[in-house]
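Residue numbers (this note's numbering): 11 to 611.
Glycine included, every Cβ here is placed at the ideal spot set by N, Cα and C.
It should be emphasised that the depicted structure is a prediction, and the values quoted were computed from it without experimental measurement.
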């Protein structure tokens, strides 16, 4: 879909004369293998999933395990459960839960087959059973998209698999983000591979790709419908397909796609409406104001910062050489339609980057950051802003429909985070990673003198991705170990906290503090209440508490994804504006309190 970049004459940086297979001339056997991601990307994805299969439930994974267990008795009623959502939300109907039920029904099916659902024993096997199918589908989809939409499919695939967002997404398969992204990416990758079919007026001698046949369009619609049935924000991918079909005059012939999509997603919504007497998506939208939500300014700056972490900053390699070359050849006529003679990041729209960075930071204004942290945030937001400018320039491109398709894809996912989510999180950016990697790969200078710099940056970002995955595992392990210590020292009581800490405390027989039942007025003198520092613990809403003990994790590894005192919050900018950072304090700290009588305060 993207035209091959033509030669870029000049002193140092060029955009590569392409050989017949899209490789640069004189490529080695390794380069040819690299540019065939269908041969190696899926096995690498498999290695990543296997490597992190021992991770304990992180973030919202424990809630999906809970819902899967609750729906095993009657899968036809997937919202017949109640869960304490801290902090302190009053009880209501679980039908207002923000996501459709496809993911925890899938987790429940795996639980039934394996005979275990979230217990410590068997957790690794359950994670693999749940995660491997969508992970393999996602790996195949990215390889397919890279082949059809990038002149450097190998580099695009490397950028994607070496991203911290990708690695963390592949290692957290109990949540909705991995399966929703897998099915959404598969749908758009299959569409991107579309060549004219006979119904599009192709000649008798032309061969239609799978995405161009009626059956292929049905599969695209089915995959998109399943993605939306897993996570509603995936609806933003529908306009991407719609606009691309209109641009390429394919609206009339793509009706099997839209019909299948409506039947798939509409079928699930109709079933929920029949079971619960109200449309689920409408109920979610009407109750959205009852859920705590970060400011739009925070989500915007948080999204840019986490987007800046997404890919190695390869566009900045040789950028000065590109500018020099452009000035030297300013009298040259523009390249032919579809060429990338002037990469979008280095054309006249480059002035927009610093304005976007400055505006985002001033809008969000995280006053609690120190000078060093401000510098780190500035670097991440600058890179994230550059990717936004690149996507915007690509989306507005009139020369290459494929480039515009990828740019619009990135922008729509970003818009979905700002509008359809309560806060910015790295995992919410997983659906835009594949198109962004394809766009960036086509614009990286191939100057031989800078090739080693490019390799170092890709390798460094891959090591950062692995390190962040390990940091995520260590944070979960630290919370679990502290929960075990509490359970070994004290009789069962109550806790305030979520994520891995909640999962482990419930495994040990402790109960969450619940508004209106055992809150400030419900707990009796002598009851124990424990709360962690980083595992999204809510403020304790009463004063009848006396500190008994403070337990600290023995793990002080420096790389942090969540450190509330350190202003680090990869999973939400409301936890901290920085997506990643360094710290010297224990990974987790737990405080144990005892409820005292009113007269003992």
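- DSSP lists 542, 561 as the bridge partner or partners of residue 600.
- Contact annotation: the segment 125-142 does not touch the segment 422-434, with fewer than three C-beta pairs closer than 8 angstroms.
- By the beta-carbon neighbour count (other beta carbons within 10 angstroms, threshold 16), residue 86 is exposed.
- If you ignore the 5 residues before and after residue 59, its C-beta comes within less than 8 angstroms of the C-beta of 138, 141, 142, 145, 180, 181, 183, all in its own chain and listed in chain order.
- Beta-carbon to beta-carbon, residue 174 and residue 319 are separated by about 6 angstroms, close enough to satisfy the 8 angstroms threshold.
- Three or more Cβ pairs drawn from the segment 411-420 and the segment 250-268 lie within less than 8 angstroms of each other, which places the two stretches in contact.
- Going by C-alpha positions, residue 470 is about 8 angstroms away from residue 322.
- Counting C-beta pairs with one atom in each stretch, the segment 474-493 and the segment 51-68 have three or more that are closer than 8 angstroms, which means they touch.
- Taken through DSSP and simplified to helix, strand or coil, residue 137 comes out as helix.
- In this structure, the alpha-carbon of residue 121 lies about 12 angstroms from that of residue 113.
- Collapsing the DSSP output to three states places residue 53 in a helix.
- A direct Cα-Cα distance of roughly 11 angstroms separates residue 378 from residue 578.
- Between residue 481 and residue 571, the gap from beta carbon to beta carbon is short of 9 angstroms.
- Straight-line spacing of the CA atoms in residue 162 and residue 45 works out to 7 angstroms.
- Less than 9 angstroms separates the beta-carbon of residue 230 from that of residue 200.
- For residue 487, the enclosing alpha helix (DSSP H) begins and ends at 461-499.
- Around the Cβ of residue 553, a 10 Å sphere holds fewer than 16 other Cβ atoms; the residue is exposed.
- The continuous alpha helix (DSSP H) containing residue 229 extends over residues 224-238.
- For residue 194, the CB contacts under 6 angstroms within the same chain, skipping 5 residues up- and downstream, are 237, 244, 247, 441 in chain order.
- With a cutoff of 9 angstroms on beta-carbon distance, residue 502 and residue 512 are scored as not near each other.
- Unbroken alpha helix (DSSP H) stretches of 4 residues or longer found wholly inside the segment 109-177: 112-124, 133-159, 163-171, given in chain order.
- If you draw a straight line from the Cα of residue 434 to the Cα of residue 446, it comes to about 18 angstroms.
- Excluding five sequence positions before and after residue 233, the CB atoms of its chain that fall closer than 8 angstroms to its own CB belong to 193, 194, 196, 197, 200, given in chain order.
- Under the three-pair Cβ rule at 8 angstroms, the segment 589-606 counts as touching the segment 560-569.
- Straight through space, the alpha carbons of residue 393 and residue 381 are spaced by roughly 19 angstroms.
- Distance check between residue 472 and each of 167, 52, 288 places 167 closest, using alpha-carbon atoms only.
- Out of 444, 468, 309, 303, the CA that lies nearest to the CA of residue 391 is found in 309.
- Between residue 118 and residue 78, the beta carbon gap of about 4 angstroms places them in contact (Cβ cut-off 8 angstroms).
- When the alpha-carbon of residue 556 is set against those of 223, 493, 605, 494, the nearest one is in 605.
- When the beta-carbon positions are compared, residue 386 and residue 169 stay at least 9 angstroms from each other.
- Between the alpha carbons of residue 401 and residue 603 lies a distance of about 51 angstroms.
- The DSSP-derived three-state label of residue 505 is strand.
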